[in-house]
Amino acid sequence: MSSLPATLESHLSGEITTHCFCWIIRRTDKIVYGFTDHDKTLRIEGVSCEPQTGLSASEATSALGLSVDTAEIEGALSSLAISDNDIERGAFDGAAVETFLVNWASPEQYALLRSSRIGAITRSGGRFVAELKSSSVDLDKISGRRVTRQCDAQLGDSRCGYKSRAQEGSVTRLISDREVVVAGLQPSDNNWFRNGTLTWANGSRNVVLAYQTHSEGIRLSLRDSPIPDIKIGDTFLLDAGCDKSFAQCKAKFANALNFCGFPHLPGNDAVYNFADGNFDGGPLVP
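Its first residue numbered 1086, the sequence shown is counted upward by one per residue in my numbering.
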C-alpha cells in the first residue's frame, strides 16, 4: 500500500483538489524521460516531466500475494522524446516506469504510487501502448540452469568456448523490411548462417531465418522485428547460427566437449517404459 505524505493526504481530503499524474521512465541505457498529464512542466525527483505529451494510463490495481500486477500506458509516437525507431530497436524494453501522484499547485507534494517495468509494446495508428508489470514478474524468471537436451549457452560466450568468426558484410539492395541482399559473406555451407545473429552498426540485431544466393550476393530473410533505418551501403557483422543441438555442436563447430546441455538425457518414453531395454550404463540417446 502506498504511503502518502501528510500534506498531500490533507490536500486530497479537501473538497477541491489539484492533482495529476506524472511518469518517469528510466531506460536500461541510463536515459531518463519525464511525462505528465498536466498542462505545465512539473519537476519531480529532479526530472522535468513534459506536459501534453499524449501519455495516459489505464486503471492499475495492486493485490496481495505474489501475482504479477499489470497496467498500461498509452502515448503518441509524435512526441519528440519517444520515436517509432526507439521502440523498434528495443530501447524501451525492460525500462523502469515510476508513477507519481502530484499536487500540480504545489509540486513538492507528491507520492510514488507504483514502480513497474515495461513489458510488451504494441503500436497502431501513430500511437503506442506499453504494458507495465510489477516487480513480482522477477519471480517467474529462471534462476540457475535447467536440465534439458538443448545447450543453454550462447554461441561464443565463456561457457560455450567457441571463438566467434563473424563475417562483415554490406547491404546492396533492400527488398522489404525483413529481406535484404548483401555482399561480402562467404558461408562455409548452405546452413552456416541459418539462425545466425546479425548485428548492425547501430547496435540493433536481427536473426537470420533463411538465406540464398543472389546475383548481387546473398539474400537474407530476417525474422522478429523489421530492419530499422537500414540503407544501401550499411555494414553489419553476421555470426554463424546455432540451433543448440548436440549434433550441430559436434558436426558444425567441433565443440562437443563444451556442450552445455544433456544430450543423453532419456525422454519420458524411456522413463515410463518397461525395464526390458539395455540398461548397462551406456547412453540411451546416441
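Even for Gly, the Cβ is constructed at its ideal location relative to N, Cα and C.
The structure presented is a predicted model; accordingly, all values stated were derived computationally and were not measured.
| query | result |
| --- | --- |
| DSSP-derived helix/strand/coil call for F1347 | coil |
| Close Cβ partners of A1325 (< 6 Å) along its chain, the five nearest in sequence each way excluded | W1277 and G1281 |
| For T1103 and G1288, the rounded distance between their alpha carbons | 44 Å |
| H1349 classed as buried or exposed, judged by whether at least 16 other C-beta atoms fall within 10 angstroms | exposed |
| Expected contact under 8 Å - CB spacing of R1202 and G1175 to nearest Å | Actually they do not touch by this definition, with Cβ atoms about 13 Å apart. |
| Simplified DSSP assignment, three categories, for T1092 | helix |
| Residue environment, G1099, which counts as buried when at least 16 other CB atoms sit within 10 Å | exposed |
| Strand pairing of F1378, partner residues [DSSP] | Residue 1378 is absent from the structure shown; the chain starts at 1086 and stops at 1371. |
| Through-space distance from A1205 to R1290, alpha-carbon basis | 18 Å |
| Under the three-state DSSP convention, the category N1275 falls into | coil |
| Helix, strand or coil at L1097 [DSSP, three-state] | helix |
| Residue from T1284, F1177, H1299 and G1318 whose Cα sits closest to the Cα of D1114 | F1177 |
| Coil, strand or helix - C1334 by DSSP | helix |
| Given V1132 as reference, the closest of S1261, I1110, R1258 and I1303 once Cα atoms are compared | I1110 |
| I1315 beta carbon less than 8 Å from that of L1270 | no |
| Where S1147 falls: helix, strand or coil (DSSP) | Residue placement at S1147 is poorly supported in this model, since its pLDDT is 42, which falls under 50; the coordinates still yield a value, given next. It is coil, neither helix nor strand. |
| Alpha helix (DSSP H) segment containing E1301, residue limits | No alpha helix (DSSP H) holds E1301; DSSP gives it neither H nor E. |
| Proximity winner among N1170, S1200, L1323 and P1351, relative to S1249 (alpha-carbon distances) | L1323 |
| Whole-angstrom distance between W1189 and Y1195, CA atom to CA atom | 9 Å |
| Any chain B beta carbon closer than 8 Å to T1233 | The displayed structure is made up of one protein chain only, and chain B is not part of it. |
| C-alpha distance - E1216 paired with V1182, whole-angstrom precision | 10 Å |
| Per-residue burial, E1380 [other beta carbons within 10 Å of its own, 16 or more giving buried] | No statement about residue 1380 is possible, as the shown extent of the chain runs from 1086 to 1371 and does not include it. |
| Cβ-based burial, G1119 [other Cβ within 10 Å; buried from 16] | buried |
| Simplified DSSP state of N1188, which is helix, strand or coil | strand |
| Cutoff 8 Å; reference R1335; Cβ partners in own chain excluding five residues on either side | With the sequence shown as reference, residue 1335 is identified as Lys, and Arg is not the correct amino acid for it. Around K1335: A1341 and F1344. |
| For G1119: DSSP bridge partner residues | I1109 |
| Bounding residues of the beta strand (DSSP E) (the contiguous stretch that carries E1264) | E1264 to A1268 |
| Terminal residues of the alpha helix (DSSP H) in which I1172 lies | D1169 to E1173 |
| Alpha-carbon spacing of A1145 relative to L1305, whole angstroms | Low confidence applies to A1145: its pLDDT is 41, below 50, so where it sits in the model is not reliable enough to give any reading. |
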